[in-house]
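Engineer: Take this structure first; my questions come after.
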Amino acid sequence: MNRYDSNRILDLVKPMGYIFTKNSSEADCYILNTCHIREKATDKVYHDIGRLKKEFRNKKKPMLLVTGCVAQAENQEMFNREKYIDGVVGPQSYHQIPDIIKEIEYGKKKINSTEFEVIEKFDSLNLVKSSNSKISSFLTIQEGCDKFCHFCVVPYTRGPEYSRSFDEIISEAKQLIANGAKEITLLGQNVNAYHYESKTRTFRLADLIIQLNNLKELKRIRYTTSHPKDVTEDLIEAHKTCEKLMPILHLPVQSGSSKILKAMNRKHSIEEYFEIIVNLKKARPNIKFSSDFIVGYPGETENDFQHTLDLIRKIEFINSYSFVYSPRPGTPAPKISNVDLVIAKKRLVKLQEVLEKIQIKSKKEFLHKLTEVLFENKIKNHNKYFGRDKFLNSIIVESSKDLTGKMFNIKIDDFNHNNLFGKIVDSKKEISLLK
Ligand code: SF4
Numbered sequence: 018m019n020r021y022d023s024n025r026i027l028d029l030v031k032p033m034g035y036i037f038t039k040n041s042s043e044a045d046c047y048i049l050n051t052c053h054i055r056e057k058a059t060d061k062v063y064h065d066i067g068r069l070k071k072e073f074r075n076k077k078k079p080m081l082l083v084t085g086c087v088a089q090a091e092n093q094e095m096f097n098r099e100k101y102i103d104g105v106v107g108p109q110s111y112h113q114i115p116d117i118i119k120e121i122e123y124g125k126k127k128i129n130s131t132e133f134e135v136i137e138k139f140d141s142l143n144l145v146k147s148s149n150s151k152i153s154s155f156l157t158i159q160e161g162c163d164k165f166c167h168f169c170v171v172p173y174t175r176g177p178e179y180s181r182s183f184d185e186i187i188s189e190a191k192q193l194i195a196n197g198a199k200e201i202t203l204l205g206q207n208v209n210a211y212h213y214e215s216k217t218r219t220f221r222l223a224d225l226i227i228q229l230n231n232l233k234e235l236k237r238i239r240y241t242t243s244h245p246k247d248v249t250e251d252l253i254e255a256h257k258t259c260e261k262l263m264p265i266l267h268l269p270v271q272s273g274s275s276k277i278l279k280a281m282n283r284k285h286s287i288e289e290y291f292e293i294i295v296n297l298k299k300a301r302p303n304i305k306f307s308s309d310f311i312v313g314y315p316g317e318t319e320n321d322f323q324h325t326l327d328l329i330r331k332i333e334f335i336n337s338y339s340f341v342y343s344p345r346p347g348t349p350a351p352k353i354s355n356v357d358l359v360i361a362k363k364r365l366v367k368l369q370e371v372l373e374k375i376q377i378k379s380k381k382e383f384l385h386k387l388t389e390v391l392f393e394n395k396i397k398n399h400n401k402y403f404g405r406d407k408f409l410n411s412i413i414v415e416s417s418k419d420l421t422g423k424m425f426n427i428k429i430d431d432f433n434h435n436n437l438f439g440k441i442v443d444s445k446k447e448i449s450l451l452k
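Per my numbering, the sequence shown starts with residue 18, numbered consecutively.
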């Protein structure tokens with residue numbers, strides 16, 4: 018979502034004459050768009066500012082705005098800790114950035130804009146055309162969260178759940194497609210809680226997917242991140258009927274123990290989670306799953322941890338994010354876990370070993386087989402192209418022809434930890450529409 022927000026911030030400041038530069042030392046204005054999910058992210062912000070100060074030691078100081086969830090959470094404290102910052106802008110206030118920049122240009126100091134003005138934000142953004150021209154584009158449909166998992170900062174930094182209007186989303190999707198998008202990933206902190214009430218009816222995520230599935234030029238649809246509690250029957254049905262909806266779902270579970278899920282306030286049991294997986298598999302037999310795991314959550318016993326490993330082996334998640342529990346300020350979860358850090362780290366290593374074995378097994382299954390790849394870009398300084406298959410595997414293929422935005426069947430002949438490698442089977446047979 019931060020990548021989507023960063024693109025939209027760029028759309029907002031372009032009319033003021035600002036352009037994006039990769040050469041950091043020539044920038045007049047820095048916008049550090051931050052994430053607050055992990056503690057390290059906050060440290061990284063101050064580290065980046067330190068680097069910036071060194072870089073500009075003998076030059077005119079650039080304007081510096083810190084945006085995103087660290088800005089929201091740290092707020093005024095950021096100005097106390099780092100005098101170099103000119104403005105702090107929360108994730109629901111970034112539509113105000115052009116005005117904030119103007120005010121700073123006119124000499125105003127230390128602007129703090131951290132209100133939850135999400136409706137106003139999208140009203141403003143709807144008036145600004147998206148210039149994003151990526152083959153695979155993000156589209157925010159929902160923001161915020163009402164779930165209040167005990168370990169998570171999102172409800173405090175992004176605010177309560179808010180769903181954008183159905184028509185606005187479809188209109189932005191059409192804009193992205195006109196800009197060249199072939200794949201759209203619908204985004205939300207709780208994307209499947211999407212719930213928009215027009216004067217005549219209620220629209221849910223499944224309705225959006227069905228509508229996008231009918232857009233001829235669009236080839237692939239994905240959505241992330243989902244909460245198990247909001248996997249509704251119509252959404253499961255969409256996995257059956259919408260052929261452009263890709264057969265991989267990131268469905269965070271965090272732990273394989275119902276006791277720990279309860280302690281985390283996840284609002285579902287492990288049996289319920291498993292039932293959702295079974296129903297999705299019935300709807301789309303080739304569907305695969307990825308997930309998030311927290312290891313060493315307060316109260317996690319060896320037995321609870323074994324349940325997590327059992328779940329991983331049973332579902333065979335092909336790609337996951339896993340971390341040792343780290344308390345976030347302002348959340349209800351205990352500040353110190355009663356699980357010894359050494360034990361928690363050992364559990365994490367074990368869990369990642371199990372996940373990796375499954376990942377390698379899954380990659381091996383692709384060897385010498387065909388997989389449908391949508392190519393996104395050329396790899397710098399090489400005659401190689403990067404694309405993804407339906408399951409989000411990264412695929413690298415050598416080609417003297419430009420493959421960007423094209424879809425081919427690729428025969429996989431090798432793989433490493435991160436990528437699958439292969440060759441185009443028939444370069445004349447570009448896949449124009451999904452079967
Ligand atoms: S559902 Fe997701 S975003 Fe919401 S509180 Fe839980 S972990 Fe955070």
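Just so it is clear, CB atoms sit at the ideal spot from N, CA and C, and this is done for glycine as well.
DSSP three-state call for Asn400: helix, strand or coil?
Structural biologist: Residue mapping note: residue 400 aligns to position 383 of the sequence shown, counting from 1. Three-state result, Asn400: coil.
Engineer: Alpha carbons only, please: which of Ile136, Phe133 and Gly104 is nearest the one belonging to Ile121?
Structural biologist: Residue 121 sits at position 104 when you count from the first residue of the sequence shown. Ranking the options by Cα distance to Ile121, first place goes to Gly104.
Engineer: Return the Cβ separation of Lys138 and Ser110 in integer angstroms, given the expectation that the two are a contact with Cβ distance under 8 Å.
Structural biologist: Residue mapping note: residue 138 aligns to position 121 of the sequence shown, counting from 1. Residue mapping note: residue 110 aligns to position 93 of the sequence shown, counting from 1. Lys138 to Ser110, Cβ: 7 Å. Contact.
Engineer: Taking the alpha carbon of Asn143 as the reference point, which residue from Tyr173, Phe133, Asp116 and Lys191 has its own alpha carbon closest?
Structural biologist: In the sequence shown, counting from the first residue as 1, residue 143 sits at position 126. The shortest Cα separation from Asn143 among Tyr173, Phe133, Asp116 and Lys191 belongs to Lys191.
Engineer: Would you mind stating whether Asn30 and Ile136 have Cβ atoms separated by less than 8 Å?
Structural biologist: Taking the sequence shown and counting its residues from 1, the one referred to as residue 30 is at position 13. Taking the sequence shown and counting its residues from 1, the one referred to as residue 136 is at position 119. What sits at residue 30 in the sequence shown is Val, not Asn. Not a contact, by the Cβ cut-off of 8 Å.
Engineer: Along the chain, where does the alpha helix (DSSP H) containing Thr241 start, and where does it finish?
Structural biologist: The sequence position of residue 241 within the sequence shown is 224, counting from 1. Premise fails: Thr241 lies in the beta strand (DSSP E), Arg237 to Thr241, not in any alpha helix (DSSP H).
Engineer: Return the CA-CA distance between Glu269 and Glu94, expressed in angstroms with no decimal places.
Structural biologist: Against the sequence shown, residue 269 aligns to sequence position 252. Against the sequence shown, residue 94 aligns to sequence position 77. A small correction: the amino acid at residue 269 is Pro; Glu does not occupy that position in the sequence shown. Using only the alpha carbons, I get a separation of about 32 Å.
Engineer: Taking DSSP's pairing of strands, which residues face Tyr338 in a bridge?
Structural biologist: Numbered from 1 along the sequence shown, position 321 holds the residue referred to as residue 338. According to DSSP, Tyr338 bridges with Asp309.
Engineer: Would you check whether the ligand SF4 has a heavy atom nearer than 7 Å to the C-beta of Asn207?
Structural biologist: The count along the sequence shown starts at 1 and reaches residue 207 at position 190. Answer for Asn207: yes, Cβ within range of the ligand SF4.
Engineer: Buried or exposed: where does Phe220 fall if 16 or more other Cβ atoms within 10 Å of its Cβ makes it buried?
Structural biologist: The residue given as residue 220 occupies position 203 in the sequence shown. Buried.
Engineer: What does the alpha-carbon distance come out to for the pair Lys452 and His324?
Structural biologist: In the sequence shown, counting from the first residue as 1, residue 452 sits at position 435. In the sequence shown, counting from the first residue as 1, residue 324 sits at position 307. Summary for Lys452: the model assigns pLDDT 39, below 50, so the residue's position carries little reliability; its value from the coordinates is reported in the next sentence. When rounded, the distance between both Cα atoms is 39 Å.
Engineer: Check the C-beta distance from Ser411 over to Phe403 and give it rounded, since I have them as a contact under 8 Å.
Structural biologist: Counted from its first residue, the sequence shown places residue 411 at position 394. Counted from its first residue, the sequence shown places residue 403 at position 386. At roughly 6 Å, the Cβ-Cβ gap stays under 8 Å, so Ser411 and Phe403 are in contact.
Engineer: Is Asn340 near the ligand SF4, going by C-beta to nearest heavy atom under 7 Å?
Structural biologist: In the sequence shown, residue 340 corresponds to position 323, counting from 1. In the sequence as displayed, the identity of residue 340 is Phe instead of Asn. Phe340: no, Cβ never under 7 Å from the ligand SF4.
Engineer: Using a Cβ-Cβ cutoff of less than 6 Å, which residues in the same chain neighbour Phe383 once the five nearest sequence positions on both sides are dropped?
Structural biologist: Taking the sequence shown and counting its residues from 1, one reaches residue 383 at position 366. So the list reads Ile429 and Leu437, once near-sequence residues are dropped.
Engineer: Just to confirm, are Ser354 and Tyr342 a CB contact at a threshold of 8 Å?
Structural biologist: Reading the sequence shown from its first residue, position 337 is the one you call residue 354. Reading the sequence shown from its first residue, position 325 is the one you call residue 342. A contact, by the Cβ cut-off of 8 Å.
Engineer: Does the distance from the CB of Ile158 to the CB of Leu225 come in under 8 Å?
Structural biologist: Sequence index remark: in the sequence shown, residue 158 carries index 141 (1-based). Sequence index remark: in the sequence shown, residue 225 carries index 208 (1-based). Yes, these two residues count as a Cβ contact at 8 Å.
Engineer: Rounding to the nearest angstrom, what Cα-Cα distance links Ile332 and Phe306 in this structure?
Structural biologist: Walking along the sequence shown from the start, residue 332 turns up at place 315. Walking along the sequence shown from the start, residue 306 turns up at place 289. One C-alpha to the other measures close to 8 Å.
Engineer: At a cut-off of 7 Å, would you count His285 as near the ligand SF4, judging by its Cβ distance to the nearest heavy atom?
Structural biologist: Within the sequence shown, residue 285 is the residue found at index 268, counting from 1. Checking every heavy atom of the ligand SF4 against the Cβ of His285, none is found closer than 7 Å.
Engineer: Between Tyr101 and Leu81, is the Cβ-Cβ spacing less than 8 Å?
Structural biologist: On the sequence shown, residue 101 is found 84 positions in, with the first residue counted as 1. On the sequence shown, residue 81 is found 64 positions in, with the first residue counted as 1. Yes; because the gap between Cβ atoms is below 8 Å, this pair is in contact.
Engineer: How many Å lie between Asp28 and Asp321 at the Cα?
Structural biologist: Numbered from 1 along the sequence shown, position 11 holds the residue referred to as residue 28. Numbered from 1 along the sequence shown, position 304 holds the residue referred to as residue 321. Approximately 47 Å between the Cα atoms of the pair.
Engineer: Judging by CA-CA distance, which residue of Arg283, Glu260, Asn336 and His267 is the nearest neighbour of Pro301?
Structural biologist: As a working mapping, residue 301 is identified with position 284 in the sequence shown. For the record, residue 301 in the displayed sequence is Arg; it is not Pro. Out of Arg283, Glu260, Asn336 and His267, Glu260 has the C-alpha closest to the C-alpha of Arg301.
Engineer: Name, in chain order, the residues that DSSP records as bridge partners for Cys46.
Structural biologist: Residue mapping note: residue 46 aligns to position 29 of the sequence shown, counting from 1. For Cys46, which the question treats as bridged, DSSP gives the partners Met80.
Engineer: Taking the straight line between their C-alpha atoms, what separation do you get for Pro346 and Ile54?
Structural biologist: Taking the first residue of the sequence shown as position 1, residue 346 is located at position 329. Taking the first residue of the sequence shown as position 1, residue 54 is located at position 37. For Pro346 and Ile54, the distance between alpha carbons rounds to 11 Å.
Engineer: Looking at C-alpha atoms only, which residue of Glu99, His167 and Gly107 is the closest neighbour of Ile311?
Structural biologist: For the purposes of this step, residue 311 is identified with residue 294 of the sequence shown, where counting begins at 1. The candidate whose alpha carbon is nearest that of Ile311 is His167.
Engineer: With a threshold of 7 Å on Cβ separation, who are the neighbours of Asn435 within its own chain once the five nearest residues in sequence on each side are excluded?
Structural biologist: Residue numbering aside, residue 435 sits at position 418 when the sequence shown is read from its first letter. Closer than 7 Å at Cβ, skipping near neighbours: Ser411.
Engineer: What are the residues that DSSP puts in a beta bridge with Lys453?
Structural biologist: Nothing in the structure corresponds to residue 453, since the chain is present only between 18 and 452.
Engineer: Compute every distance between the C-beta of Cys169 and the non-hydrogen atoms of the ligand ZN, then say whether any falls below 7 Å.
Structural biologist: Among the ligands present in this structure, namely the ligand SF4, the ligand ZN is not found.
Engineer: Straight-line CA distance for Glu189 to Thr38?
Structural biologist: One-based indexing of the sequence shown puts residue 189 at position 172. One-based indexing of the sequence shown puts residue 38 at position 21. Rounded to the nearest angstrom, the two C-alpha atoms are 25 Å apart.
Engineer: By alpha-carbon positions, which one of Leu232, Lys199, Lys397 and His399 ends up nearest to Lys407?
Structural biologist: Numbered from its first residue, the sequence shown carries residue 407 at position 390. Closest option to Lys407, Cα to Cα, is Lys199.
Engineer: Would you check whether the ligand SF4 has a heavy atom nearer than 7 Å to the C-beta of Lys257?
Structural biologist: As a working note, residue 257 is residue 240 in the sequence shown. False, no ligand heavy atom lies under 7 Å from that Cβ.
Engineer: Are the stretch 366-376 and the stretch 420-427 in contact at 8 Å, needing three or more beta carbon pairs?
Structural biologist: With a cut-off of 8 Å, the stretch 420-427 and the stretch 366-376 do not count as touching, because too few Cβ pairs lie within range.
Engineer: Do Cys86 and Cys46 come within 8 Å of each other at the CB atom, strictly closer than that value?
Structural biologist: Taking the first residue of the sequence shown as 1, we reach residue 46 at position 29. Taking the first residue of the sequence shown as 1, we reach residue 86 at position 69. Not closer than 8 Å, so no.
Engineer: Provide the residue span of the beta strand (DSSP E) that contains Thr394, from first to last.
Structural biologist: On the sequence shown, residue 394 is found 377 positions in, with the first residue counted as 1. Residue identity differs from the one stated: residue 394 is Asn in this sequence, not Thr. Counting along the chain, the beta strand (DSSP E) containing Asn394 begins and ends at Leu387 to Lys395.
Engineer: According to the Cβ coordinates, are Ile238 and Leu222 closer than 8 Å?
Structural biologist: In the sequence shown, residue 238 corresponds to position 221, counting from 1. In the sequence shown, residue 222 corresponds to position 205, counting from 1. For Ile238 and Leu222, no; Cβs fall outside 8 Å.
Engineer: Can you name, in chain order, every residue of its own chain whose Cβ lies under 8 Å from the Cβ of Asn394, other than the five neighbours on each side?
Structural biologist: Position 377 of the sequence shown, counting from 1, holds the residue named residue 394. For Asn394, where only same-chain residues beyond five positions count, the Cβ hits under 8 Å are Ile152, Tyr402, Phe403 and Thr421.
Engineer: Going by other Cβ atoms of all chains shown within 10 Å of its Cβ, with 16 needed for buried, is Glu447 buried or exposed?
Structural biologist: Position 430 of the sequence shown, counted from the first residue, corresponds to residue 447. Glu447 should be labelled exposed.
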